[in-house]
Structures are given as C-alpha cells and as structure tokens.
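*Asks:* Residue 422 in numbering that gives the first Met the number 0 is what sits at position 423 of the sequence shown, and the numbering runs on without skipping anything. Just so it is clear, CB atoms sit at the ideal spot from N, CA and C, and this is done for glycine as well. Since we're looking at a predicted model, the values are computed, not measured. Quick one: structure below, then a few questions.
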Amino acid sequence: MKHLQRLLGVALGGCALVAAGTAAGPAYALENELWISAPYETVLPGADADGNARERTLDVRVSRDVADGRVSAGRLTVDVSEVAAFARVAWPANCVPETEARAVCAFPEMPDGTESVPAATFRLSALPGADTGASGYVRYSAAAGDLTSHAGETRVGVGNGPDLGLGPVDDQRGLRPGTETSVRATLSNSGNRTAERTLLWLDASYGLRFKERHANCEYRQDDRGTSALCVLDESVAPGQRYALGTRLGVGRNALYERFDHSVQPYSDEAYQEARGEWTWTRGTGSELDLRPLAARSVASEPDIDPQDNYGSVILEARNTADLKLTGSKVRGAAGETVTAQVTVLNRGPAWVASLGAGAAVATVRFQAPEGTTVVIPPEEENCWPSGDGASPATYYCKTPIYLHDKASYTFDIRLRIDRVVRGAQATVATVNDDPELSIREFDPNLRNNSARIVVNG
Numbered sequence: 000m001k002h003l004q005r006l007l008g009v010a011l012g013g014c015a016l017v018a019a020g021t022a023a024g025p026a027y028a029l030e031n032e033l034w035i036s037a038p039y040e041t042v043l044p045g046a047d048a049d050g051n052a053r054e055r056t057l058d059v060r061v062s063r064d065v066a067d068g069r070v071s072a073g074r075l076t077v078d079v080s081e082v083a084a085f086a087r088v089a090w091p092a093n094c095v096p097e098t099e100a101r102a103v104c105a106f107p108e109m110p111d112g113t114e115s116v117p118a119a120t121f122r123l124s125a126l127p128g129a130d131t132g133a134s135g136y137v138r139y140s141a142a143a144g145d146l147t148s149h150a151g152e153t154r155v156g157v158g159n160g161p162d163l164g165l166g167p168v169d170d171q172r173g174l175r176p177g178t179e180t181s182v183r184a185t186l187s188n189s190g191n192r193t194a195e196r197t198l199l200w201l202d203a204s205y206g207l208r209f210k211e212r213h214a215n216c217e218y219r220q221d222d223r224g225t226s227a228l229c230v231l232d233e234s235v236a237p238g239q240r241y242a243l244g245t246r247l248g249v250g251r252n253a254l255y256e257r258f259d260h261s262v263q264p265y266s267d268e269a270y271q272e273a274r275g276e277w278t279w280t281r282g283t284g285s286e287l288d289l290r291p292l293a294a295r296s297v298a299s300e301p302d303i304d305p306q307d308n309y310g311s312v313i314l315e316a317r318n319t320a321d322l323k324l325t326g327s328k329v330r331g332a333a334g335e336t337v338t339a340q341v342t343v344l345n346r347g348p349a350w351v352a353s354l355g356a357g358a359a360v361a362t363v364r365f366q367a368p369e370g371t372t373v374v375i376p377p378e379e380e381n382c383w384p385s386g387d388g389a390s391p392a393t394y395y396c397k398t399p400i401y402l403h404d405k406a407s408y409t410f411d412i413r414l415r416i417d418r419v420v421r422g423a424q425a426t427v428a429t430v431n432d433d434p435e436l437s438i439r440e441f442d443p444n445l446r447n448n449s450a451r452i453v454v455n456g
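Structure below.
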C-alpha cells in the first residue's frame with residue numbers, strides 16, 4: 000500500500016539510483032566487470048481448474064561499467080532449480096538447456112560505445128497444483144571473454160488474485176505554460192482474479208493543476224503540488240484493459256514538472272491508510288470512469304514487475320527562472336564568530352524543482368574571507384568543505400530541492416574572525432553546471448548569480 004503514498008520529490012530514495020562502487024578504485028577495474036539487469040521480483044498467477052496458467056516474462060540484459068572498447072559475445076547462465084518444483088520455463092531460441100533447470104544463453108557483443116545488450120527473454124508459468132505462497136530464486140551469471148559478472152537473481156512466487164498494472168506513459172517536453180495537456184495511461188489486470196473496485200492515487204506537481212475535480216475523488220494540496228485519491232467502481236477482470244486519462248493545466252510557473260499515478264485493488268483498509276491524517280476535499284465534477292479497451296490475452300503483454308501499479312511521468316515546460324544571489328556585510332573583533340547571510344531568490348516566472356534526482360535548486364561555492372575561518376557545526380548537513388585538501392579551502396552550501404517562484408532561501412554562514420582585515424571579502428557564486436540540475440539550462444541571466452560577503456568593510 001505504501002507505494003500509493005510516494006510523495007513528489009521523495010528521493011523516491013527512490014527516485015535516484017546510485018550505482019555501487021562507481022566512486023571506488025581506478026577506471027581499469029570498472030572495465031573488468033559485467034552487470035546483470037533482471038526484474039527484482041515476479042509473481043506467477045496460479046493455474047486454473049484446467050491446468051492453464053498465465054505466463055510472466057523475464058527480460059534479462061547484460062551491461063558494463065565503461066562503454067569504451069569492444070566486449071566480445073558472451074554467455075548468460077540461467078539456473079531455475081529453486082523454482083522448478085512449482086514453475087514451468089519456456090526457453091527462447093538463443094538459450095540451450097543443459098538440464099531441465101539450467102540453460103546457457105548466447106548474447107551479442109558490445110561494440111565500442113554500447114553499454115548493454117539483451118541477453119535472454121524467457122517465460123515462466125505456475126505448474127498445476129502449485130502451492131500459493133511457494134517461492135524461490137532464478138539465478139544468473141554472465142561471462143564474455145575475460146570478463147565475468149556479479150551474480151544476479153529474480154525472486155519468483157505463486158499467488159492468486161488480481162494484479163493491476165499501469166502501462167508505460169511517454170514523458171512530455173516542450174510544453175507551453177498556460178496551455179493544457181493530458182496523461183493517458185492503460186490500466187490492466189494480469190492476475191487471475193477480478194478487481195471489483197480500484198483505488199487510484201494521482202500526484203500533480205506544483206506547476207500543474209487538475210483540470211477536473213471528479214466527484215469520486217478527494218484532493219489535497221501542499222507545497223509540492225496536488226494529490227488526488229479516487230475510488231473507481233468499474234470491475235477489472237483478468238485480461239481486461241482500460242484507458243485512464245487525466246487532463247492537466249500547465250501553469251505559468253511550470254518548468255520541471257512530474258505526474259505520478261498508482262493503482263491497487265480497493266479495500267476499506269487501503270483507503271483509510273491512503274487518506275492518512277491529511278485533510279481532503281471531495282470534487283464536485285463528473286465521476287472519473289475507466290474506458291474499456293479491446294480485450295486481449297494477458298500473455299501477449301506479460302506483467303514482468305509486481306510493482307508496475309506505479310508510474311511516473313516527466314512533463315517539462317519551455318520556461319525560465321532567474322536566480323539572484325544577495326550577500327551581506329558583517330563586523331566583529333578578533334576572536335568573535337559572526338554570521339554572514341547569502342540569499343538565493345527565485346525571480347521566476349517558473350518555480351524550480353528536482354523531483355526525480357532530488358538535487359538542490361542551487362549549490363553555492365565560496366572561500367573564507369581573508370583573516371576568517373568558516374565554522375560548520377557538526378549537525379549542519381547542507382554546507383561542507385570540498386575535502387580536496389586545497390588551501391584555502393573551498394566550501395559549498397545547497398538549497399532544498401525546490402524553490403517556488405518569488406521565494407527565497409537564505410544560508411547562514413558562520414565565520415570566526417582570527418584577525419581583523421579591513422574590507423576582507425569573498426565571492427559566493429552558484430555552481431551552474433551540476434549534471435543533476437543545471438542552472439545554466441533554465442536561468443536566462445547568470446550575471447546576478449554571484450554576491451559578496453564583506454567582513455569589517
């Protein structure tokens with residue numbers, strides 16, 4: 000249920016994944032590792048009375064850390080011995096079974112500049128009489144020339160019930176502020192039981208607005224945007240597919256926007272958990288309904304991820320936001336600690352948010368003015384020294400991950416005055432080329448992105 004409550008911008012820990020080991024060891028060590036990408040988990044629907052069971056597909060890829068040079072064609076070894084007691088496997092043409100529970104699959108070479116290649120796509124289905132709750136792991140290893148991979152695995156279980164999912168939705172870029180757009184998704188049930196009702200959660204970030212407030216939905220708003228919680232009364236049987244559309248207004252302050260949606264079978268408990276302690280307001284418009292699409296076999300569009308009831312769409316608008324820095328002047332005697340302030344103002348017209356990567360809107364860089372030492376309290380998490388050992392040291396401070404239009408954020412920079420130097424000063428400037436959120440890409444005026452701290456001037 001907690002996936003319904005993924006709020007916008009929560010790092011979505013969730014939303015920015017960090018590759019293990021990328022900061023350790025020399026580059027040549029990274030070149031000697033292969034990695035296996037496979038679904039983390041899948042659930043096989045139990046077989047019906049005739050022994051027929053819907054299939055799940057596992058797509059496996061092999062990648063490498065560094066795309067330089069050529070990697071020869073290789074072999075993926077797949078071991079299904081842990082699931083053989085309750086699951087049937089159908090191997091693709093590029094896989095040669097060595098035993099009933101083990102196969103070796105040939106994957107193509109990686110030319111220079113290629114980071115990954117498909118290795119195998121095979122199908123699993125539950126055996127007749129498989130116990131609900133049975134589980135085990137499909138395990139993988141790969142080799143290509145002298146390169147080997149870390150082990151990979153997919154947890155496989157058996158269950159009965161509906162399995163709602165949302166089909167992929169394309170991101171949208173180049174939207175014009177002040178216009179309207181729609182997010183159109185496909186809701187399907189790839190399980191073996193009917194979902195009598197559906198609980199739908201929608202999140203539209205601050206630069207977007209719901210064009211309709213439906214009577215079967217409740218709405219709440221916070222600093223990051225608007226959420227909707229809807230109860231859909233149409234039953235969704237196994238194999239059925241429905242169109243689910245949401246009309247959104249693109250605000251004058253829109254820039255890097257995001258729309259999140261999530262579904263699950265309705266229950267009173269899930270509904271109350273989703274509502275939480277927040278205050279919701281019921282819509283007054285027409286009800287939000289599902290529109291049926293042509294039915295087709297679920298096996299032709301398998302559910303490879305039990306978590307596919309959640310989706311996120313990026314909506315970017317053609318807009319700008321002018322950040323402006325303001326410094327300050329401080330005075331003090333030798334031995335005193337004073338607090339200088341640096342303010343980042345967003346002059347708009349757009350708000351700025353990093354709702355996926357979770358990066359700061361602005362990171363500022365500075366050095367201590369002559370005769371002073373920067374004092375960073377141990378509990379301070381938003382300011383830090385560069386750590387490169389250079390003298391004088393360079394310091395960085397970061398804002399939160401969003402800053403509304405016409406809003407500002409102020410850093411308090413503590414300076415210990417070691418000796419009085421009249422008119423000592425330091426320049427504070429934004430880092431404009433952060434790869435996670437580049438100020439240069441949205442700020443039309445970089446000339447006002449620096450300021451001065453003056454001590455005893």
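With DSSP as the reference, please indicate the residues paired to residue 35 in a beta bridge.
*Replies:* Taking the first residue of the sequence shown as 1, we reach residue 35 at position 36. Partner(s): 61.
*Asks:* Just the C-alpha distance for residue 9 and residue 400, rounded to the nearest angstrom, thanks.
*Replies:* To locate residue 9, count along the sequence shown from 1; it is residue 10. To locate residue 400, count along the sequence shown from 1; it is residue 401. In this predicted model, residue 9 has a pLDDT of only 34, less than 50, meaning its place in the structure is not dependable; the value taken from the coordinates is given anyway. Cα to Cα, the separation comes out at about 10 Å.
*Asks:* Just the Cα atoms here: how many angstroms apart are residue 447 and residue 426?
*Replies:* What you label residue 447 is simply residue 448 of the sequence shown in a count that begins at 1. What you label residue 426 is simply residue 427 of the sequence shown in a count that begins at 1. The straight-line gap from Cα to Cα measures roughly 12 Å.
*Asks:* Among the residues of its own chain, which have a CB less than 6 Å from the CB of residue 136, if the five just before and after it don't count?
*Replies:* Here the question's residue 136 lines up with position 137 in the sequence shown. Cβ within range, chain order: 81, 152 and 154.
*Asks:* I'd like to know whether the C-beta atoms of residue 242 and residue 199 end up nearer to each other than 7 Å.
*Replies:* Translated into the one-based positions of the sequence shown, residue 242 becomes position 243. Translated into the one-based positions of the sequence shown, residue 199 becomes position 200. Not a contact, by the Cβ cut-off of 7 Å.
*Asks:* Which same chain residues end up closer than 6 Å to residue 183 when comparing Cβ atoms and leaving out the 5 residues on each side of it in sequence?
*Replies:* Here residue 183 corresponds to residue number 184 of the sequence shown, with the count starting at 1. The answer, listed in chain order, is 244.
*Asks:* Can the beta-carbon of residue 95 be found less than 7 Å from the beta-carbon of residue 107?
*Replies:* In the sequence shown, residue 95 corresponds to position 96, counting from 1. In the sequence shown, residue 107 corresponds to position 108, counting from 1. Cβ distance not < 7 Å, so residue 95 and residue 107 don't count as in contact.
*Asks:* Examine the Cβ distances between the stretch 415-425 and the stretch 323-339 and report whether three or more of them are shorter than 8 Å.
*Replies:* They touch, by the three-pair rule.
*Asks:* Any idea what DSSP makes of residue 267, helix, strand or coil?
*Replies:* What you label residue 267 is simply residue 268 of the sequence shown in a count that begins at 1. Helix, per DSSP.
*Asks:* With distances taken Cα to Cα, identify the nearest neighbour of residue 60 among 77, 44 and 48.
*Replies:* Position 61 of the sequence shown, counted from the first residue, corresponds to residue 60. Checking every option, the nearest Cα to that of residue 60 belongs to 77.
*Asks:* Counting along the chain, where does the beta strand (DSSP E) carrying residue 226 start and finish?
*Replies:* Residue 226 sits at position 227 when you count from the first residue of the sequence shown. 224-231 is the span of the beta strand (DSSP E), which, as asked, contains residue 226.
*Asks:* So, are the CB atoms of residue 88 and residue 126 less than 7 Å apart?
*Replies:* Locating residue 88 in the sequence shown gives position 89, where the first residue counts as 1. Locating residue 126 in the sequence shown gives position 127, where the first residue counts as 1. Not in contact: residue 88 and residue 126 (Cβ atoms no closer than 7 Å).
*Asks:* So, do the stretch 256-271 and the stretch 309-317 have three or more beta carbon pairs nearer to each other than 8 Å?
*Replies:* Enough Cβ pairs lie closer than 8 Å, so yes.
*Asks:* Whose CA, out of 282, 110, 176 and 249, lies closest to the CA of residue 73?
*Replies:* In the sequence shown, residue 73 corresponds to position 74, counting from 1. It is 110 whose Cα lies nearest to the Cα of residue 73.
*Asks:* I need the boundaries of the beta strand (DSSP E) containing residue 202, first residue and last residue.
*Replies:* The count along the sequence shown starts at 1 and reaches residue 202 at position 203. 197-204 is the extent of the beta strand (DSSP E) around residue 202.
*Asks:* For residue 254, which of 188, 353 and 160 has the nearest alpha-carbon?
*Replies:* Here residue 254 is taken as the residue at index 255 of the sequence shown, counted from 1. It is 353 whose Cα lies nearest to the Cα of residue 254.
*Asks:* So, at 6 Å on beta carbons, what are the nonlocal neighbours of residue 144 in its own chain, with the 5 sequence-adjacent residues on each side left out?
*Replies:* To locate residue 144, count along the sequence shown from 1; it is residue 145. Answer for residue 144: 71, listed in chain order.
*Asks:* So for residue 421, helix, strand or coil by DSSP?
*Replies:* Translated into positions along the sequence shown, residue 421 becomes position 422. Residue 421 falls in the coil class under three-state DSSP.
*Asks:* Give a yes or no on whether the C-beta atoms belonging to residue 438 and residue 444 are separated by under 7 Å.
*Replies:* Residue 438 sits at position 439 when you count from the first residue of the sequence shown. Residue 444 sits at position 445 when you count from the first residue of the sequence shown. Cβ atoms of residue 438 and residue 444: not closer than 7 Å.
*Asks:* Just the C-alpha distance for residue 233 and residue 195, rounded to the nearest angstrom, thanks.
*Replies:* Numbered from its first residue, the sequence shown carries residue 233 at position 234. Numbered from its first residue, the sequence shown carries residue 195 at position 196. One C-alpha to the other measures close to 7 Å.
*Asks:* Which whole runs of the beta strand (DSSP E) in the stretch 123-173 are 3 residues long or more, in chain order?
*Replies:* For the stretch 123-173, whole beta strand (DSSP E) runs of length 3 or above, ordered along the chain, are 134-143, 146-148, 151-158 and 163-165.
*Asks:* So what's residue 290 in DSSP terms, helix, strand or just coil?
*Replies:* As a working mapping, residue 290 is identified with position 291 in the sequence shown. If DSSP states are grouped into helix, strand and coil, residue 290 belongs with the strands.
*Asks:* Can you check DSSP and say which residues form a bridge with residue 383?
*Replies:* Locating residue 383 in the sequence shown gives position 384, counting from the first residue. In the DSSP output, where bridge partners are listed per residue, residue 383 has 395.
*Asks:* Along the chain, where does the beta strand (DSSP E) containing residue 96 start, and where does it finish?
*Replies:* For the purposes of this step, residue 96 is taken as the residue at position 97 of the sequence shown. 94-98 is the extent of the beta strand (DSSP E) around residue 96.
*Asks:* When the Cα atoms are used, what is the spatial distance from residue 308 to residue 75?
*Replies:* Residue numbering aside, residue 308 sits at position 309 when the sequence shown is read from its first letter. Residue numbering aside, residue 75 sits at position 76 when the sequence shown is read from its first letter. Using only the alpha carbons, I get a separation of about 30 Å.
*Asks:* Please classify residue 440: does DSSP put it in a helix, a strand, or coil?
*Replies:* By one-based count along the sequence shown, residue 440 stands at place 441. Of the three classes helix, strand and coil, the one that applies to residue 440 here is helix, per DSSP.
*Asks:* If you follow the beta strand (DSSP E) that residue 347 is in, where does it begin and where does it stop?
*Replies:* As a working note, residue 347 is residue 348 in the sequence shown. Per DSSP, residue 347 belongs to the beta strand (DSSP E) from 336-348.
*Asks:* Less than 7 Å separating the beta-carbons of residue 280 and residue 218?
*Replies:* Walking along the sequence shown from the start, residue 280 turns up at place 281. Walking along the sequence shown from the start, residue 218 turns up at place 219. It is a contact, given that the beta carbons lie within the stated cut-off.
*Asks:* On a Cα-Cα basis, can you pick out the residue from 357, 148, 422 and 410 that is closest to residue 63?
*Replies:* Within the sequence shown, numbered from 1, the residue matching residue 63 stands at position 64. Considering only alpha carbons, the answer is 148.
*Asks:* So the beta strand (DSSP E) residue 244 belongs to, where does it begin and stop?
*Replies:* Your numbering for residue 244 matches position 245 in the sequence shown. Residues 240-249.
*Asks:* Among all the DSSP beta bridges, which residues are the ones paired with residue 478?
*Replies:* Outside the modelled stretch of the chain, which goes from 0 to 456, sits residue 478, for which no answer is possible.
*Asks:* What's the call for residue 271, buried or exposed, on a 16-neighbour Cβ count within 10 Å?
*Replies:* Looking up residue 271 in the sequence shown gives position 272. Looking at its Cβ environment, which holds fewer than 16 other Cβ atoms inside 10 Å, residue 271 is exposed.
*Asks:* Is the stretch 317-326 in contact with the stretch 340-347, if contact means three or more CB pairs nearer than 8 Å?
*Replies:* Contact holds: three or more Cβ-Cβ distances are below 8 Å.
*Asks:* Quick check on residue 446: does DSSP put it in helix, strand or coil?
*Replies:* As a working mapping, residue 446 is identified with position 447 in the sequence shown. Here residue 446 sits in helix by DSSP.
*Asks:* For residue 42 versus residue 132, is the C-beta distance shorter than 7 Å?
*Replies:* Start at 1 with the first residue of the sequence shown, and residue 42 comes out as number 43. Start at 1 with the first residue of the sequence shown, and residue 132 comes out as number 133. No. Outside cutoff.
*Asks:* Buried or exposed: which applies to residue 290, given that a residue is buried once 16 or more other Cβ atoms fall within 10 Å of its Cβ?
*Replies:* For the purposes of this step, residue 290 is identified with residue 291 of the sequence shown, where counting begins at 1. Residue 290 should be labelled exposed.
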